[in-house]
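Participant:
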Amino acid sequence: MENLIDKPSNFLDYLSAAPHRSLFLAGALQGVLTVLWWIFDLAGRYGIAGSMTVWNVAPSWAHAFLMVYGFFPFFIFGFLFTTYPNWMNGDKVKPSEYVATCVLMASGVALFYAGLLTHRIISIAGVELMLTGWSIAVYVLLRILLTAPAADKRHARVTSVALVMGWLGVAAYLFWLVSDSPMLIDFARAAGLWLFLLPIVLTVSHRMIPFFSSRVLDNYEMVRPFWMLWLMLGCIAAHGVLQCFELTAYLWFVDFPLAGCALYLSYRWQFQRSFQVSLLAVLHISFAWLGVAMLLYGVQSLVYFASGNFILGLAPLHALGIGFFSGMVLAMASRVTLGHSGRPLELDRFTWLLFLGFQATALVRILADLIPAIAPMFYVLAAFIWLACFGLWAIKFAPIYWRARVDGKAG
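Numbering (the working numbering), first residue to last: 138 to 548.
In C-alpha cells:
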C-alpha cells in the first residue's frame, strides 16, 4: 500500500505531509483570531465601538498569553520540527508527533477563548491542553538533540533550553489562573519574552541570517561570532531576572550592551546589501528592530534610574514584539513555505508590501506610547494595520499548506 505521506490524496493528508504545514496553518488562523479579539476588546474598552466586555481573565494578561504562548509557538515548533533534523542530521519528526502537537495546542487555544466568555475553568482546561502539546514537542526536539550525530549542536542546545523555559512559563500561567498569585504571572510574563521568545528568535537569526545571506550575496563574508551570541543571551537572561524582581532602574546595564551587539551584527551581516534580494531583506530589517528595541529599553531604564520617570511606556516592548518577533515570523514562515512547497525562493511585491505594513504597525504602536493623547485611537489603528497585513498574508499562504507541492515532490 502506498504511503499517504509520500503521495497525499486529500486535505488532511496534505496537512500532515510535513511538520510545518499544520502548525503554520494553525498559527496563521490564531494570528487573525487573537488580533480580532483584541480589537473587539479595545474598541469596547475605549468607547470607540460597542461597550466594554467583562472577561474571565484580565484582557491585558489574556492578550499577552495569546500572543506570546498562543501565536508564536505554532510557527516556532513548525520551524524547529523541520530544521532540527537538518541542523544535526537527526531522525525526522514523525507525523503522529507533530500532528498531536498541533491538535492539542490548537484545541487548547480554542478552549482558552471559550473560557474568556463563559467560565475560567474552561480557560484552565485550554492551557492544560496547550501544555500537553508543548510537552510532546519538547520531548521530540530533545530526543533529536540527544541522539543526532552532529558535532556542533550549539544553536539547538540554546533553543532547546528556551523551549523548556517557555514550558515553565505556560505552567506558571496555568497556576496563576488557579491561584491569582502575582509572582506566577510576573514569571510567566518575563519567561515568555526573555527566556523563551527572544533567545529562540535571536539564536535562529544568528544561525540562519548569515547563512541565507551567503547563498545570494556575492563575495559575502559569513560572520557568526559565538562569543557575542553568549554575551547577548547572558544580557537577555539578566534582563528577564531583573524584570521579575521589578528592578527597572538597572535594566540599562544589560540593555545597552545587548543593543550594541545587535546593531553591530546588523552591520557585519551587511544590512545595506540585503535589499538586493527582498526575501533576504525582510530578515535583515526584522533583525534591525532588535537593536532599536533594546536601545529604547536602555533609554527608558536609564531615565528611570536618573529621575524616576517612566517615559516610553510599552514602546520598547512593541518595537521588540511587532518589529522583531512578528517581522521575523513573517519573514521565516514565508521562506519556509515557499521553499518547502517547491516554489521559487522569491518574495513577490504583494508580500513585500505586507511586510512594510508590519513596519508601519510597529511605528504606529510606538507613537501611541509616546503621545498619550492619541493613544486609544492608535492602539486600535495599530491592531487594524497588523490584522490587515497578517490577514492578507494568511489568505495568500494558508492554502499552500493543504495543497500539493508544485514540483510534485512529497512534503
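Each residue gets a CB set at the ideal place from its N, CA and C atoms; glycine is no exception.
Between residue 145 and residue 234, what straight-line distance do the alpha-carbon atoms span, to the nearest angstrom?
Facilitator: Unreliable positioning characterises residue 145 in this predicted model, as indicated by a pLDDT of 47, which lies under 50. A coordinate reading is not provided.
Participant: Reducing DSSP to helix, strand and coil, say where residue 533 ends up.
Facilitator: helix
Participant: Where does the unbroken alpha helix (DSSP H) through residue 413 begin, and where does it stop?
Facilitator: From DSSP, residue 413 is part of no alpha helix (DSSP H); its letter is neither H nor E.
Participant: Quick one, which of 179, 540, 323 and 247 has its alpha-carbon nearest residue 479's?
Facilitator: 540
Participant: Among the residues of its own chain, which have a CB less than 7 Å from the CB of residue 337, if the five just before and after it don't count?
Facilitator: 213, 296 and 299
Participant: Taking its Cβ as the centre, do 16 or more other Cβ atoms sit within 10 Å of residue 502, making it buried, or is it exposed?
Facilitator: Burial call: buried.
Participant: What span of residues does the alpha helix (DSSP H) with residue 379 cover, start to end?
Facilitator: 363 to 381
Participant: Which of helix, strand or coil does DSSP assign to residue 427?
Facilitator: helix
Participant: If you compare alpha carbons, which of 410, 513 and 181 is closest to residue 352?
Facilitator: 410
Participant: Can you tell me which of 382, 294 and 419 puts its alpha carbon nearest to the alpha carbon of residue 350?
Facilitator: 419
Participant: Answer with buried or exposed for residue 453, where buried requires no fewer than 16 other C-beta atoms within 10 angstroms of its C-beta.
Facilitator: buried
Participant: Assuming contact is defined by CB atoms lying nearer than 8 Å, are residue 221 and residue 227 in contact in what I supplied?
Facilitator: Closer than 8 Å, so yes.
Participant: Do residue 262 and residue 253 have their C-beta atoms closer together than 8 Å?
Facilitator: no
Participant: Does the segment 491 to 507 touch the segment 434 to 444, meaning 3 or more C-beta pairs lie closer than 8 Å?
Facilitator: no
Participant: Within the same chain, show all residues whose beta-carbon is closer than 7 Å to that of residue 528, passing over the 5 residues directly before and after it, in chain order.
Facilitator: 169
Participant: Ignore the nearest five residues each way along the sequence and tell me which others in residue 401's own chain have a CB closer than 8 Å to its CB.
Facilitator: 365
Participant: Does the distance from the C-beta atom of residue 278 to that of residue 370 stay below 8 Å?
Facilitator: no
Participant: For residue 316, count the other beta carbons within 10 Å of its own beta carbon; 16 or more makes it buried, fewer makes it exposed. Which is it?
Facilitator: exposed
Participant: For residue 171 versus residue 204, is the C-beta spacing smaller than 8 Å?
Facilitator: yes
Participant: Is DSSP giving residue 98 helix, strand or coil here?
Facilitator: Given a span of 138 to 548 for the chain in the structure shown, any question on residue 98 remains unanswerable.
Participant: DSSP three-state call for residue 483: helix, strand or coil?
Facilitator: coil
Participant: Considering only residues of the same chain and omitting the five flanking positions on each side of residue 545, which have a CB-CB separation below 8 Å?
Facilitator: Once the five neighbours on either side are set aside, the close Cβ partners of residue 545 are 479.
Participant: Within the continuous alpha helix (DSSP H) that includes residue 396, where are the two ends?
Facilitator: 389 to 405
Participant: Tell me which same chain residues have a C-beta within less than 6 Å of the C-beta of residue 303, skipping the five on either side of it?
Facilitator: 333
Participant: How should residue 448 be labelled, buried or exposed, when 16 other C-beta atoms within 10 angstroms of its C-beta is the threshold for buried?
Facilitator: exposed
Participant: Using DSSP with H/G/I as helix, E/B as strand and the rest coil, what is residue 358?
Facilitator: coil
Participant: Going along the chain, which residues of its own chain have a beta-carbon closer than 6 Å to the beta-carbon of residue 244, five neighbours each way excluded?
Facilitator: 266
Participant: Measuring straight from C-alpha to C-alpha, what distance separates residue 190 and residue 523?
Facilitator: When rounded, the distance between both Cα atoms is 22 Å.
Participant: Buried or exposed: residue 566, going by 16 or more other Cβ atoms within 10 Å of its Cβ?
Facilitator: Beyond the ends of the chain as shown, which are 138 and 548, falls residue 566; an answer cannot be given.
Participant: Taking 6 Å as the limit between beta carbons, can you name the residues of its chain near residue 164, skipping five residues before and five after?
Facilitator: 211 and 212
Participant: Counting pairs of Cβ atoms below 8 Å between the segment 501 to 515 and the segment 475 to 490, do you hit three or more?
Facilitator: The answer is no - the segment 475 to 490 does not touch the segment 501 to 515, with fewer than three Cβ pairs under 8 Å.
Participant: Please work out which residues of its chain come closer than 7 Å, Cβ to Cβ, to residue 395, disregarding the five sequence neighbours upstream and downstream, and give them in chain order.
Facilitator: 369, 372, 373 and 431
Participant: Reducing DSSP to helix, strand and coil, say where residue 451 ends up.
Facilitator: coil
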